[in-house]
Every structure is written in C-alpha cells, then in structure tokens.
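Numbering (full-length UniProt numbering), first residue to last: 1 to 118.
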C-alpha cells in the first residue's frame, strides 16, 4: 500500500492522506513551510507530508513573485491590482499554514493541483 492516498470530498477538492506518525512529527514544519518554502526539504527530507506542503508553498511563492513582477510593470491598472493580489496570496498562505499545523493535506484553492516537487 502506498504512503498516501487521495480522498475526494463532496466539494470536489482532493485531500491526500499520509501516515499519521509522519503528520504528527512534521506538522509544525509543514505549517512554517508557507513562510520558508524549502524548510521541509532541509528539516524532514524523507517526510511525504512535509514535501507535500513544501510543494504547495513553492507554487504559492512562485505565483506571488511572478504576479508581483507582472503587476508592477503594468502601469496604473497593475498598480491598483497589486494590493488585491498581495491580499489573495496572503490569504492562501494563511490557509496553507492552518492546514499544515492542523495536520491536513488539502490543496490550496486554484493553485493546489500543480506539482513541482515529487
């Protein structure tokens, strides 16, 4: 049997289920990963739960930096949208932190389906 499986909720979002010992041991690192995305890769490199949250936070980081660069280049409209974009990224990060600290592996809204880290 694999170390994790996917449960489909009624709402259509997928939540992966990991080894309970892995979750309990690494949920603090998973929560902090949304502030420092590479932390689980250094602190718990063998944890599939930590790697899952490192992936989610890396995607959020790339979108945050990329979106900020693009919106800051676009005159007036981009400058007006930039604070809203920053609020959105911050809300997604808070959702990720709460999921990580709560021992949940729920995908982030809109961006959680992408996988950069295996």
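Even for Gly, the Cβ is constructed at its ideal location relative to N, Cα and C.
The model shown is predicted, which means the values in this text are computed figures rather than measured ones.
- Burial of residue 27 is indicated by the presence of at least 16 other C-beta atoms within 10 angstroms of its C-beta.
- Boundaries of the alpha helix (DSSP H) around residue 51: 48-73.
- Its chain contains 57, 93, 96, 97 as the residues whose beta carbon lies nearer than 6 Å to that of residue 34, once the 5 sequence neighbours on both sides are disregarded; these appear in chain order.
- Nearest Cα to residue 109 within the set 51, 91, 118: 91.
- Of the residues 52, 46, 44, the one whose Cα lies closest to the Cα of residue 100 is 52.
- In this model, residue 18 and residue 113 are separated by some 17 Å (Cα to Cα).
- For residue 30, the enclosing alpha helix (DSSP H) has its first and last residue at 20-32.
- Taking 8 Å as the cut-off, the beta carbon of residue 42 is found no closer than this to the beta carbon of residue 111.
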